[in-house]
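Enquirer: Have a look at this one before I ask anything.
2 protein chains.
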Amino acid sequence: MSAGHMAVTSPAAAPAAAVPVIVCDTPQDECGVRDVLDRLGDKWSVYVVVELASGIRRFKELQRAIPGGISQRMLTLTVRRLERDGLVKRTVYPTVPPQVEYELTEMGHSLTHLVKALADWSIAHRRAIAASHEAWDAAHPDPEAR
Amino acid sequence: MSAGHMAVTSPAAAPAAAVPVIVCDTPQDECGVRDVLDRLGDKWSVYVVVELASGIRRFKELQRAIPGGISQRMLTLTVRRLERDGLVKRTVYPTVPPQVEYELTEMGHSLTHLVKALADWSIAHRRAIAASHEAWDAAHPDPEAR
DNA sequence: CCGAATCCCATGTGATACTG
DNA sequence: CAGTATCACATGGGATTCGG
């Protein structure tokens, strides 16, 4: 897995301006974008990364800070995966009661730039998307693809 | 929903260099990043966007082009959602047999920049992540968080 | 306090068959 | 060709309980 290669060229038949055309030589993995999305696409990873972007947090602090009310189970699974990916560093202090601290690694911090780009795009197009939803829903009363 | 606001300031307690600190005034939606990830985080949307980045495609062309073998059902659901989001334009030609063409809207094309950023990050850190996986797996023989 | 174990349900996804 | 309908199954995720 993950042996994709990517190149960006000028649009050939693309409509407007300087839109990057994405080309893969290994269509099986669509240039590895899937790698990142598998990592950030779940329900909670981004929240953890965003919270840790502000500094070191303990388990309970993370749980309280994350909007929507993450369960212990999901927080555990999420930080485990992020740790395995090398995005989060986990430090255990053998005190009693136990204390565990989580922080972003350097690679984890580099991800916050991406998250910021996602947020910027999201904010910039929020209204357009909402309008598109309204229009679509008005034209399609019952069917469910929402 | 989605009334979040976001600001980027200089890192306060952040470790290293110019890492953006993400601040939300409405923690309930973590700056709207969730909006984009809900859209791109599913299994197929990115593939469709990447393929359409190269130009107009018909239903069957999309299905054949997408790696992993997407089912009719999932392709239908995926393009429906993208259409509802205003990222894809769907054009029906009332011929027989019927012909339907899909293409990215302007907003859809703007997304390809984000996808490219994700791909770049993924490629840049692929090896580091793989190494992290190996190290973690070696240290944790049996447990499953993979 | 941190987290593992278990139970249970909602959702996502695939396979197949059928229609305009 | 471009879907829709139905079923069957895997996974994600919440609630709760138990342990170090």
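Going down the list, the protein sequences come from chains Y and F.
Everything in the first sequence is counted per the UniProt record's numbering, starting at 1 for the first residue and increasing by one.
Everything in the second sequence is counted per the UniProt record's numbering, starting at 1 for the first residue and increasing by one.
Ideal Cβ positions, reconstructed from N, Cα and C, are used throughout, including at glycine.
Since the model is a prediction, treat every value here as computed from it, not as a measurement.
#1: Identify each residue in the stretch 113-140 of chain Y for which the Cβ-Cβ distance to at least one residue of chain F is less than 9 Å, and report them in chain order.
#2: Helix, strand or coil for Y:Thr91? Go by DSSP, reduced to three states.
#3: Compute the beta-carbon to beta-carbon distance between F:Leu37 and Y:Leu40, rounded to the nearest angstrom, for a pair I have assumed lies under 8 Å.
#4: Between Y:Leu62 and Y:Leu75, which are expected to be in contact by the criterion C-beta below 8 Å, what is the C-beta distance as a whole number of angstroms?
#5: Where DSSP assigns a beta bridge to Y:Leu104, which residues make up the other side?
#6: Quick one: Cα of F:Leu52 to Cα of F:Leu82, how far?
#7: What does the Cβ neighbour count give for F:Ala119, buried or exposed, with the cut at 16 atoms within 10 Å?
#8: By Cβ distance, which residues of its chain are closer than 6 Å to Y:Thr112, with the 5 residues on each side in sequence left out?
#9: Give a yes or no on whether the minimum CB-CB distance between Y:Met74 and chain F is below 8 Å.
#10: Please confirm whether F:Leu52 has its beta-carbon closer than 8 Å to some beta-carbon of chain Y.
#11: By Cβ distance below 6 Å, which residues in the same chain neighbour Y:Thr91 in space, the five residues on each side in sequence not counted?
#12: Kindly give me the distance between the Cβ atoms of F:Val33 and Y:Val33, rounded to whole angstroms, as I take these residues to be in contact under 8 Å.
#13: With a threshold of 8 Å between beta carbons, is F:Arg84 in contact with chain Y?
#14: So is Y:Leu37 in contact with chain F if we call contact Cβ pairs under 8 Å?
#15: So Y:Trp121 and F:Leu114 are in contact, right, with Cβ under 8 Å, and what is the actual spacing, rounded?
#16: Let me make sure I understand the geometry here. Which of F:Val49, F:Arg57 and F:Asp35 has the alpha-carbon closest to that of F:Lys116?
Expert: On the basis of the coordinates in this document:
#1: His113, Leu114, Val115, Lys116, Ala117, Leu118, Ala119, Asp120, Trp121, Ser122, Ile123, Ala124, His125, Arg126, Ala128, Ile129, Ala130, Ala131, Ser132, His133, Ala135, Trp136, Asp137 and His140
#2: Here residue 91 of chain Y refers to the residue found at position 91 of the first sequence. Three-state DSSP puts Y:Thr91 in a strand.
#3: Taking the first residue of the second sequence as position 1, residue 37 of chain F is located at position 37. Taking the first residue of the first sequence as position 1, residue 40 of chain Y is located at position 40. That pair is a contact at about 6 Å.
#4: Taking the first residue of the first sequence as 1, we reach residue 62 of chain Y at position 62. Taking the first residue of the first sequence as 1, we reach residue 75 of chain Y at position 75. Indeed, because the Cβ distance is near 6 Å, the residues count as touching under 8 Å.
#5: In the first sequence, residue 104 of chain Y corresponds to position 104, counting from 1. Partner(s): Y:Val88.
#6: Here residue 52 of chain F refers to the residue found at position 52 when the second sequence is read from its first residue. Here residue 82 of chain F refers to the residue found at position 82 when the second sequence is read from its first residue. Rounded to whole angstroms, F:Leu52 to F:Leu82 spans 12 Å at the Cα level.
#7: By 1-based counting over the second sequence, the position of residue 119 of chain F is 119. Classification for F:Ala119: buried.
#8: Sequence index remark: in the first sequence, residue 112 of chain Y carries index 112 (1-based). Excluding positions up to five away in sequence, the list reads Ala53.
#9: The sequence position of residue 74 of chain Y within the first sequence is 74, counting from 1. False, the Cβ-Cβ gap to chain F never drops below 8 Å.
#10: The residue labelled residue 52 of chain F in the question sits at position 52 within the second sequence. So no, F:Leu52 is outside the interface.
#11: Looking up residue 91 of chain Y in the first sequence gives position 91. The residues are Glu101.
#12: The residue labelled residue 33 of chain F in the question sits at position 33 within the second sequence. The residue labelled residue 33 of chain Y in the question sits at position 33 within the first sequence. Incorrect: roughly 16 Å between the Cβ atoms, too far for contact.
#13: Here residue 84 of chain F is taken as the residue at index 84 of the second sequence, counted from 1. Cβ-Cβ to chain Y under 8 Å: yes for F:Arg84.
#14: For the purposes of this step, residue 37 of chain Y is taken as the residue at position 37 of the first sequence. Yes, its Cβ sits closer than 8 Å to a Cβ of chain F.
#15: As a first step, residue 121 of chain Y must be located in the first sequence, where it is residue number 121. As a first step, residue 114 of chain F must be located in the second sequence, where it is residue number 114. About 5 Å; that satisfies the 8 Å criterion.
#16: The residue given as residue 116 of chain F occupies position 116 in the second sequence. Considering only alpha carbons, the answer is F:Val49.
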